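Trainee: Okay, handing you the structure first.
In our numbering, the protein residues as written are 28 to 641.
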């Protein structure tokens, strides 16, 4: 390390557990280094005994050794014993990636009385042994350089304690469809208060427009009504209809959400009267978590003009066809909207707007293939002599019993499936002409239909993108909410404490929606299982003596974790919001910002140490 870097490290301020106060913390002076063989993963390339021997002579290194598996119980016991016997105040474990066993080694150190935030992991497996298997001498030299940099890092590490924040154990669910109802009920049944916000006058969402499920063809109305009643009469659930979220602030465990309710609209909807203008009522709710369950919409018919959408009377979307099925249920038939005639030939067009990045949506809407099969089968049951024809691009039926259901529609329902997209849909007399091609046979197809049903693509619920901005939960370019990780954290948004359920995230069928709502509820219950939330203390700090209250760090912070204290004229950090990203550090012209245990002086020292070994 050069003299300037060492002086900066030795004189730099370190912080206590309050990010906006400063104190000087002694640096680690008795450091232990533990080199792991990881079987042959590391030792097969790197000379681990030579590495341990080289480290022993370094300034401040009081102990160094190697062992076959440091993460094993004997390996952890070795670490604990060395900490106690050699009075170590910082350790470096040279092993695999920190994502694998950093928590393991921190627990071992803490059990021996060492602060876990004075434990550093030198990754000499993924970043060294595995990528330099053909150059063992160079890999050994690089491993020493990596360890040298981490020794300097731990030398400047503070002894920190986790931050704790009280959790408001109340949930807000946004959206009163099946996802919102499910999440609200599960959390309320566990004993916690729930605020359910629905912008429409009634609960139930899209399921109110659907009579039967596909695959089983079971009626939905009774089951949905039962769930709605359970929510409306639950003592721990407050339902706010004709309401919407106006703003949100705070952080995981402590959100403040402003909800606006139109009281006259609620009363008018209940009484069947026309709404009149009246000032809305706003109220701020303190909640610890938010579940977004805003559902989906369908691509508007006027976006599907090439299929006659919005211009031909007897061209409808799938939800309108559900309504026609419901209206005809009493007499056991089906009538088309233009003249009330029973349609003798119905054409269903799948992927209407979906999988069409140039003119519609770039993605598959997932459930269209199956609800089209359901609707075609129900049509054939209502109109036994009728003919049902389905134009499709591909058939996608992932799910239990879904493929069998599609085959049932083809065989039992005698539904004709033609692979290809209609080229033209237009009115001719009292019929709708559909021109297309069967790509499997190469023949052109012309169907004179009485009714055309478009399986319009699923889109985010209107206002979803704006809601995302208000919640600071990101959405994609179309308005679906982004999950934190598609495989490992599928129900968590990128904002801690905000969870996703159902089609707010992406198109989903009923079963998947209910499953995800249950998973979101489980995440909420995990958060609510503790009165206090523990957070990593490696957050940003402010040196009040250097801060000029210019506000550049406030604007740079992507988590809104900083603000200017106008009375003291200094920037302040909200540690519960801070993610330790360091954006403020790069923005501050006065070097008043730093992140605990990731200070510029530490990194300069690490660079000096690593380069000295090159």
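For every residue, glycine included, the Cβ atom is placed at its ideal position computed from N, Cα and C.
Fair warning: this is a prediction, and the values are worked out from it, not measured in the lab.
Jot down the residue ranges of each uninterrupted beta strand (DSSP E) in the region 158–246, minimum 3 residues, whole runs only, in chain order.
Mentor: The region 158–246 contains these whole beta strand (DSSP E) runs: 190–193, 197–201 and 220–224.
Trainee: Can you give me the C-alpha to C-alpha distance between residue 536 and residue 280, rounded to a whole angstrom?
Mentor: Going by the C-alpha atoms only, they are around 30 Å apart.
Trainee: Considering residue 414, what are the terminal residues of the beta strand (DSSP E) in which it resides?
Mentor: It spans 414–419 - the beta strand (DSSP E) in which residue 414 sits, taken as one unbroken run.
Trainee: Which residue wins for smallest C-alpha separation from residue 507, given the options 334, 218, 323 and 459?
Mentor: Answer by Cα proximity: 323.
Trainee: DSSP has residue 267 in a bridge; who is on the other side?
Mentor: Residue 267 is bridged to 224.
Trainee: Secondary structure at residue 613, three-state DSSP: helix, strand or coil?
Mentor: Residue state, collapsed to three classes: helix.
Trainee: Within its chain, find whatever has a CB closer than 6 Å to the CB of residue 404; leave out the 5 residues flanking it on each side and keep chain order.
Mentor: Cβ within range, chain order: 436 and 440.
Trainee: Tell me whether the region 157–176 and the region 188–204 touch, counting them as touching only if at least three CB pairs, one residue from each stretch, are closer than 8 Å.
Mentor: No, the region 157–176 is not in contact with the region 188–204.
Trainee: Is DSSP giving residue 507 helix, strand or coil here?
Mentor: Residue state, collapsed to three classes: coil.
Trainee: As a quick exercise: from 342, 282 and 83, pick the residue whose alpha carbon is nearest that of residue 328.
Mentor: Of the candidates 342, 282 and 83, the one whose C-alpha sits nearest the C-alpha of residue 328 is 342.
Trainee: Enumerated in chain order, which unbroken segments of the beta strand (DSSP E) with a length of 3 residues or greater are wholly contained in the region 430–471?
Mentor: The region 430–471 contains these whole beta strand (DSSP E) runs: 443–446, 451–455 and 458–465.
Trainee: List the endpoints of the continuous alpha helix (DSSP H) containing residue 550.
Mentor: Looking at the DSSP string, the run of the alpha helix (DSSP H) that includes residue 550 is 537–555.
Trainee: Which residues does DSSP pair with residue 274 in a beta bridge?
Mentor: DSSP lists 285 as partners of residue 274.
Trainee: Grouping DSSP H, G and I as helix and E and B as strand, with all else coil, what is residue 523?
Mentor: Coil.
Trainee: In whole angstroms, what separates the C-alpha of residue 606 from that of residue 520?
Mentor: Straight-line Cα distance between these residues: approximately 15 Å.
Trainee: With a Cβ-Cβ cutoff of 7 Å, do residue 211 and residue 158 count as a contact?
Mentor: Cβ atoms of residue 211 and residue 158: not closer than 7 Å.
Trainee: What number of angstroms, rounded off, separates the C-alpha of residue 59 from the C-alpha of residue 160?
Mentor: For residue 59 and residue 160, the distance between alpha carbons rounds to 27 Å.
Trainee: Would you list the residues sitting across from residue 481 in a DSSP beta bridge?
Mentor: Paired residues: 344 and 376.
Trainee: Is DSSP giving residue 394 helix, strand or coil here?
Mentor: DSSP places residue 394 in coil when its eight states are reduced to three.
Trainee: Within the chosen definition, does the region 310–325 reach the region 484–500 through at least 3 CB pairs nearer than 8 Å?
Mentor: With a cut-off of 8 Å, the region 484–500 and the region 310–325 count as touching, because enough Cβ pairs lie within range.
Trainee: Closest by CA to residue 150, which one among 129, 365 and 248?
Mentor: When each option's Cα is compared against that of residue 150, the closest is 129.
Trainee: With a threshold of 8 Å on Cβ separation, who are the neighbours of residue 582 within its own chain once the five nearest residues in sequence on each side are excluded?
Mentor: Excluding positions up to five away in sequence, the list reads 614.
Trainee: Would you tell me roughly how many angstroms separate the C-alpha atoms of residue 206 and residue 169, rounded to the nearest one?
Mentor: Rounded to the nearest angstrom, the two C-alpha atoms are 52 Å apart.
Trainee: Pull up the DSSP beta-bridge partners for residue 476, would you.
Mentor: According to DSSP, residue 476 bridges with 459.
Trainee: Give the straight-line distance between the Cα atoms of residue 420 and residue 494, rounded to the nearest whole angstrom.
Mentor: The straight-line gap from Cα to Cα measures roughly 34 Å.
Trainee: What separation, rounded to the nearest whole angstrom, lies between the Cα atoms of residue 636 and residue 85?
Mentor: Rounded to whole angstroms, residue 636 to residue 85 spans 11 Å at the Cα level.
Trainee: Run the CB neighbour count on residue 434, radius 10 Å, all protein chains shown included, and call it buried at 16 or more, exposed below.
Mentor: That one is exposed.
Trainee: Between which two residues does the alpha helix (DSSP H) carrying residue 108 extend?
Mentor: Unbroken alpha helix (DSSP H) run through residue 108: 100–112.
Trainee: In angstroms with no decimal places, state the Cα-to-Cα distance between residue 216 and residue 202.
Mentor: The alpha-carbon atoms of residue 216 and residue 202 are separated by roughly 18 Å.
Trainee: I'd like to check one pair, residue 318 with residue 526: are the Cβ atoms closer than 7 Å?
Mentor: Contact flag set, yes.
Trainee: Name the one or two DSSP bridge partners that residue 90 has.
Mentor: Paired residue(s): 59.
Trainee: Can you give the Cα-Cα distance for residue 393 and residue 473, rounded to whole angstroms?
Mentor: Each residue's alpha carbon lies about 28 Å from the other.
Trainee: Hey, could you find the ends of the beta strand (DSSP E) residue 577 is sitting in?
Mentor: Segment: none, residue 577 is in no beta strand (DSSP E) and carries neither H nor E.
Trainee: Considering only residues of the same chain and omitting the five flanking positions on each side of residue 64, which have a CB-CB separation below 8 Å?
Mentor: 70, 75, 93, 94, 95 and 96, listed in sequence order.
Trainee: Out of 119, 111 and 512, point me to the one whose CA is closest to residue 79's CA.
Mentor: Considering only alpha carbons, the answer is 119.
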